[in-house]
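Working notes, beginning with the structure itself.
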Amino acid sequence: MILAALMFGMNDPKSASIFQSIALMYKEEKPFDIMECVGYLSGQIVPGEVNRLDKLQEKQLIQEQNSNPNVSKTYERIGDLYKNQKQFGLALECCRRIVTGGLSNAPSNREQLPSIYYEIANIYQAQGIIQLALEHLNLAINSAIHTERPDLEFISAMMIQRGDIFADKKQFNEALLPYHYTLECQLKHLPPIHPIIATTHVKTASMHFQQGKYEEALHANLQAIEIANSSLPSVHEEILRDSDNIIWKR
Numbered sequence: 001m002i003l004a005a006l007m008f009g010m011n012d013p014k015s016a017s018i019f020q021s022i023a024l025m026y027k028e029e030k031p032f033d034i035m036e037c038v039g040y041l042s043g044q045i046v047p048g049e050v051n052r053l054d055k056l057q058e059k060q061l062i063q064e065q066n067s068n069p070n071v072s073k074t075y076e077r078i079g080d081l082y083k084n085q086k087q088f089g090l091a092l093e094c095c096r097r098i099v100t101g102g103l104s105n106a107p108s109n110r111e112q113l114p115s116i117y118y119e120i121a122n123i124y125q126a127q128g129i130i131q132l133a134l135e136h137l138n139l140a141i142n143s144a145i146h147t148e149r150p151d152l153e154f155i156s157a158m159m160i161q162r163g164d165i166f167a168d169k170k171q172f173n174e175a176l177l178p179y180h181y182t183l184e185c186q187l188k189h190l191p192p193i194h195p196i197i198a199t200t201h202v203k204t205a206s207m208h209f210q211q212g213k214y215e216e217a218l219h220a221n222l223q224a225i226e227i228a229n230s231s232l233p234s235v236h237e238e239i240l241r242d243s244d245n246i247i248w249k250r
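Note that the UniProt record's numbering has the sequence shown beginning at 1, numbered continuously upward.
The structure is reproduced here in structure tokens:
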């Protein structure tokens with residue numbers, strides 16, 4: 001069904017959408033066999049058509065398909081299926097097809113690039129390939145910042161993930177940089193007592209504590225608990241956790 005969506009998507013978006021929906025129904029019922037798409041992903045269209053087209057015609061057809069947002073979305077769905085089956089290599093192939101196959105050149109697809117780079121980063125992180133995960137996370141952040149309408153919530157989430165990766169590697173200075181950037185963005189664009197700001201304060205406090213900077217850690221935790229007290233019920237588990245952190249650090 002997804003292969004049919006790819007074939008119909010160029011000329012009939014409505015048909016492509018129907019085929020995609022049918023594919024999703026199959027996905028819910030049983031693991032969906034999408035190996036039929038591998039030939040397409042490797043650059044072929046349909047064997048019978050390839051035999052009738054010369055190389056120039058084939059290249060032009062691929063370029064036309066690559067400019068269609070329906071094709072890009074279908075590759076995303078194929079990649080999701082592969083990722084859910086833990087076939088990470090094939091999932092990456094779908095993402096790369098969007099980024100390097102010309103799909104990113106279409107104006108309607110440029111806004112999609114941050115999420116594609118982010119997906120690639122997550123796939124690498126799931127495999128434990130941390131350096132490549134960081135590289136693609138940086139690409140996702142940079143491309144998101146330069147979109148026409150930057151999604152600050154998405155950018156902040158990616159920054160936090162970047163900091164978490166460095167924290168797991170015990171590179172605490174490197175972790176603090178994205179945490180501080182996120183905190184600056186949140187303080188500019190969110191209400192000052194927003195709970196997510198408290199969460200970011202707790203993360204920075206943890207990094208300061210790991211470095212032995214106990215006063216800075218205490219200060220960050222006090223800011224977190226002040227926000228939590230103002231925005232959450234008095235018995236909320238987040239407040240109890242932050243209070244425990246302050247007592248422990250002192």
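For glycine and all other residues, C-beta sits at the position ideal for the given N, C-alpha and C.
{"Query": "Secondary structure of residue 266, DSSP reduced to three states", "Result": "Given a span of 1 to 250 for the chain in the structure shown, any question on residue 266 remains unanswerable."}
{"Query": "Nearest-angstrom beta carbon gap, alanine 157 and proline 195 [assumed within contact, 8 Å]", "Result": "Wrong, their Cβ atoms sit about 15 Å apart, outside the cutoff."}
{"Query": "Cβ pair alanine 205, alanine 217 closer than 8 Å", "Result": "yes"}
{"Query": "Residue range of the unbroken alpha helix (DSSP H) whose run includes glycine 212", "Result": "Neither: glycine 212 is in no alpha helix (DSSP H) and is coded neither H nor E."}
{"Query": "Secondary structure of threonine 74, DSSP reduced to three states", "Result": "helix"}
{"Query": "Isoleucine 98 and tyrosine 75 closer than 8 Å at C-beta", "Result": "yes"}
{"Query": "Start and end residues, alpha helix (DSSP H) containing proline 178", "Result": "172-189"}
{"Query": "Residue closest to lysine 203, alpha-carbon to alpha-carbon, out of Ser231, Ala121, Met159 and Pro191", "Result": "Met159"}
{"Query": "Whole-Å CB distance - histidine 201 paired with alanine 224, under 8 Å assumed", "Result": "4 Å"}
{"Query": "Same chain, Cβ closer than 7 Å to leucine 92, neighbours up to 5 away in sequence not counted", "Result": "Ile120 and Ile123"}
{"Query": "Cβ-Cβ separation, leucine 113 to serine 143 (assumed contact under 8 Å), whole Å", "Result": "5 Å"}
{"Query": "Unbroken alpha helix (DSSP H) run spanning threonine 100, endpoints", "Result": "88-100"}
{"Query": "Segment limits, alpha helix (DSSP H) that includes arginine 149", "Result": "Run containing arginine 149: none; DSSP gives neither H nor E here."}
{"Query": "DSSP three-state assignment for asparagine 51, whether helix, strand or coil", "Result": "Only weak support is given to the placement of asparagine 51: the predicted model assigns it a pLDDT of 46, under 50, and the value that follows is read from those uncertain coordinates. Three-state result, asparagine 51: helix."}
{"Query": "Cut-off 6 Å between Cβ atoms - residues of its own chain near residue 253, not counting five sequence neighbours on either side", "Result": "Residue 253 falls outside the range modelled here, since the chain spans only 1 to 250, and no answer is possible."}
{"Query": "C-alpha gap between alanine 133 and glutamine 125, whole angstroms", "Result": "5 Å"}
{"Query": "Reduced DSSP category for serine 231 - H, G, I as helix; E, B as strand; rest coil", "Result": "helix"}
{"Query": "Own chain residues within Cβ distance below 7 Å of isoleucine 116, not counting five before or after", "Result": "Cys95, Ile98 and Val99"}
{"Query": "Among Ala220, Lys86 and Ser72, nearest to histidine 180 - alpha-carbon criterion", "Result": "Ala220"}
{"Query": "Check whether proline 178 and arginine 162 have beta carbons under 8 Å apart", "Result": "yes"}
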